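Per my numbering, numbering through the sequence shown is continuous, rising by one, with the last residue being 647.
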Amino acid sequence: MILNPVDKTVSLGHNCGVVGIYSSEEQNIPEKLFYALFSLQHRGQESAGIAYRNRDELVVYKDLGMVSSVLSRYLGEGRQSTVGIGHVRYSTQGGNRIENAQPILVSCNKGDIALAHNGNISNAKTLTARLGSEGSIFQSTSDSELILHLIARSRQPDFEGALAEVLPQIEGAYSMVMVHERTLYALRDPLGFRPLYVGVKGSATVVASETCALDILQITDYRSVRPGEMIRVGPDGRRDEIVARSERLAQCVFELIYFARPDSYVFDESVHQMRKRMGAALAAADAVKADVVVPVPDSGNSAALGYAEAAGIPFEQGLTRNHYAGRSFIMPTSAQREFVVRMKLHPVKSVIEGKRVVLIDDSLVRGTTSRTLVKLIKDAGAREVHLRLTSPELKWPCYFGIDIPTRKELISNSMSPGQIAEHIGADSVVFLSIERLKECVGSSAKYCFACFSGEYPIAVRDRRDEE
Ligand code: SF4
């Protein structure tokens, strides 16, 4: 995505990232959580937090902001512990408020519980209304809090019994980690919407949204948590079991297109190699004559390499990304928005001048940023700009953890690729087709494509009114 997320009105929002650690020997768990969350920063930049067992109590620290500013206090300090979880958040459900930061920590009739969740509960509205009518008071607008309410209200006497009762009630996407007393729990929903990995090093078991968070802790022995699986690891050992089943899978294909880091594995796929495959698939269906292939950094890099290799056109870093540009600008005028794009991405004139450019990006939401970017590249002297997208046309909202604008706002619902090209000033615009995307990911039955096709993998009870 071009801007991340400088302005939520023009780009897709990442979802969230989670991590959990249990160690049979005491170690500095908060510091390890910091490193893992730092690696997952791309999954959410609005808030960060950790919860860990500090002697006899579970403690939580969280705030709005990036991992380095919120959690650097945990670097180097010897906080010995055996269990903890962490979270980075991008607000998909509920706003960017401190109340919605995670982990959420509660003391209830089932004991002390801390929870960190990635995904969206797609029947949250229905469940919240039911609990509200039964007297529950919610402290946040995040749907993750629901899970804790359901656990607390369960008639089952213990935590695990309550969890078993609650899981069949929640629908949608959840890759989550919890600490109950001195035990770590990791769960992935039965359709497997969001990724989750588990690895082991010495006395420690670590769970994280992507393998880049395990790599940073030098963990090489890992596997994907299976859809519907619960991993429980604590003082009395580890137990892995399937606790929720589904007839089908619905792994989010957008994790591979855009959200995950290219050095990660998600859904047992190398993100970098998959994006190269998508770029090559775009090239295979493209007869455009061009001089250079230029990615919109960083998410377009791998796909542009694949396109360039397959098309036999040189790959060039024709755009420089300023990683220090601020991110919280919401600019009212197009001139100001253009300036924000200029601050973030800038053409390398020597690469672009006089050239026919194939510009590779991952997706097109409203077209606002692409229009500015095409103008910048043309102003830098490009003869032609041909925009190629590694996702199909985005037409439907997501109910499983990704912040996609309403149908009315998505440009592909009102314009054809030819009209979009005219609108953004490009010489042509081509999207990867759903069919070719399915060929790239191999087994399409394992993936969700609903934001392109409108065919949701489960019936969504609480659909948005504005659809
Ligand atoms: S609707 Fe789109 S973004 Fe949401 S889970 Fe499905 S593929 Fe991913």
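Idealized CB from N, CA, C, for every residue including glycine.
Since the structure is predicted, the reported quantities are computational estimates derived from the model, not experimental observations.
How far does the beta strand (DSSP E) with residue i in it extend, from its first residue to its last?
| i | result |
| --- | --- |
| threonine 385 | 384-388 |
| methionine 358 | 355-360 |
| arginine 441 | Segment: none, arginine 441 is in no beta strand (DSSP E) and carries neither H nor E. |
| serine 204 | 197-208 |
| serine 261 | 260-269 |
| glutamate 421 | 417-422 |
| tyrosine 365 | 363-368 |
| alanine 294 | 291-298 |
| tyrosine 232 | 227-234 |
Tell me whether residue i is buried or exposed, calling it buried when 16 or more other Cβ atoms sit within 10 Å of its Cβ.
| i | result |
| --- | --- |
| lysine 588 | exposed |
| tyrosine 504 | exposed |
| glutamate 421 | exposed |
| isoleucine 182 | Here isoleucine 182 scores only 29 on pLDDT, less than 50, and its place in the model should not be relied on; the value that follows carries that caveat. It is buried - the Cβ of isoleucine 182 has at least 16 other Cβ atoms within 10 Å. |
| arginine 457 | buried |
| lysine 469 | exposed |
| asparagine 195 | buried |
| threonine 570 | buried |
| arginine 428 | exposed |
| glutamine 431 | buried |
| arginine 335 | exposed |
| aspartate 369 | buried |
| threonine 586 | exposed |
| isoleucine 301 | buried |
CA-CA distance, residue i and residue j?
| i | j | result |
| --- | --- | --- |
| proline 407 | valine 198 | 16 Å |
| alanine 484 | glutamine 282 | 36 Å |
| alanine 344 | isoleucine 327 | 12 Å |
| valine 528 | aspartate 607 | 20 Å |
| valine 473 | isoleucine 600 | 20 Å |
| alanine 639 | valine 433 | 19 Å |
| serine 252 | valine 263 | 19 Å |
| isoleucine 209 | tyrosine 215 | 10 Å |
| phenylalanine 632 | proline 415 | 45 Å |
| alanine 424 | glutamine 349 | 11 Å |
| glutamine 225 | leucine 436 | 19 Å |
| glycine 256 | glycine 229 | 17 Å |
| phenylalanine 509 | valine 520 | At phenylalanine 509, the pLDDT of 48 sits below 50, so the modelled position is not reliable and the matter cannot be decided from this model. |
Over what stretch of residues does the alpha helix (DSSP H) that includes residue i continue unbroken?
| i | result |
| --- | --- |
| phenylalanine 611 | Careful: phenylalanine 611 lies outside any alpha helix (DSSP H), inside the beta strand (DSSP E) at 608-611. |
| alanine 332 | 324-333 |
| proline 597 | 597-604 |
Once the 5 residues before and after residue i are set aside, which same chain residues still bring their CB inside 6 Å of it?
| i | result |
| --- | --- |
| arginine 686 | The first residue shown for the chain is 181 and the last is 647, placing residue 686 beyond what the model contains. |
| tyrosine 445 | Thr391 |
| cysteine 288 | Ala332 |
Using a Cβ-Cβ cutoff of less than 8 Å, which residues in the same chain neighbour residue i once the five nearest sequence positions on both sides are dropped?
| i | result |
| --- | --- |
| aspartate 338 | Lys290 |
| alanine 304 | Gln273, Asp323, Leu326, Gly352 and Asp642 |
Go through its chain and collect everything with a Cβ distance to residue i's Cβ below 7 Å, but skip five positions before and after it.
| i | result |
| --- | --- |
| lysine 212 | Ile201 and Leu397 |
The region 277-294 in contact with the region 551-566 per 3-pair CB rule at 8 Å: no
Given 8 Å as the limit, is there contact between the region 240-256 and the region 283-297, that is, 3 or more CB pairs closer than that? yes
Three Cβ pairs or more, each shorter than 8 Å: is that satisfied between the region 393-407 and the region 360-380?
yes
| field | Contact between the region 360-368 and the region 619-629 (3+ Cβ pairs under 8 Å) | value | no
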